[in-house]
Amino acid sequence: MTLGEKISQARRAKSLSQEDLAEAAKVSSRTIQRIENNVSTPRAFTLKQIALALDLSIDTLTAPLPQNTNSIANPWSYIRLINASALGVVLVPLSNVLLPLWLWKRNKQLPQVDTLGRQIISFQVLWTIATLLCLIGYPMLSMAFTGSVANGNFPWSLLIYVTAVMLNIIFTLHTSQRIQTKKDSIYPFIPALL
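Here the sequence shown stands for residues 99 to 292, where the numbers follow the working numbering.
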């Protein structure tokens, strides 16, 4: 919101016309019009006079508004987007953590997005760690039991990864159903990592 919009909003909240504000601030009505239309920037003295006339501090008028305030009309649809972004793992490994994390950071000031986004990201981090442990552990177990890393021509590591991705897809779809019913906890069995 610009300075002119803030002044205009404060003036209307006090039920003052531009002429009334100009008279109270001891400036011309044309000055008020220019400031409210963002045609000109007021000098410090003029801004002080307007702030006094509106019973506001100068800091209130000049302070920047926090970003992303009410930027999401429906936080549940945004939570579904965070959850669905985890499906990126089908195309790019680790995107199941990076995409939800990026989306969550953009709007974590909303309580529902913060709480459920943390749960989604925690699950995806733990899933990624478990998948990596399986992919690393299989060759080690194979070497311990058979003396060889490869067992024939079948790519067992690929099968392990595809199975893990399929499980992630199933969990993500199940989570989207839980989000649809607006549950407060979508992964009650997962410890919070964030």
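Ideal Cβ positions, reconstructed from N, Cα and C, are used throughout, including at glycine. None of the values given here were measured: they were computed from a predicted structure.
With a 10 Å radius around the Cβ and a threshold of 16 neighbouring Cβ atoms, Val187 comes out buried. DSSP places Asn194 in the uninterrupted alpha helix (DSSP H) bounded by Ser193 to Arg204.
According to the DSSP assignment, Ala120 belongs to the alpha helix (DSSP H) that extends over Gln116 to Ala123. Taking each of Val195, Lys104, Trp174 and Phe269 in turn and checking the Cα distance to Val223, the smallest one comes out for Val195. Secondary structure of Ala290 (DSSP, three-state): coil. For Pro209, the uninterrupted alpha helix (DSSP H) run begins and ends at Pro209 to Thr244, by DSSP. A Cβ-Cβ separation of about 12 Å leaves Leu239 out of contact with Ser255 under the 8 Å criterion. Only exposed fits Gly235, as fewer than 16 other CB atoms lie within 10 angstroms of its CB. For Gly102, the enclosing alpha helix (DSSP H) stretches over residues Leu101 to Ala111. Sequence-distant partners of Val211 (beyond 5 residues in either direction) whose C-beta falls short of 8 Å from its own C-beta, in its chain, are Ile170, Pro173, Tyr176, Ile177, Ile180, Trp202 and Asn205.
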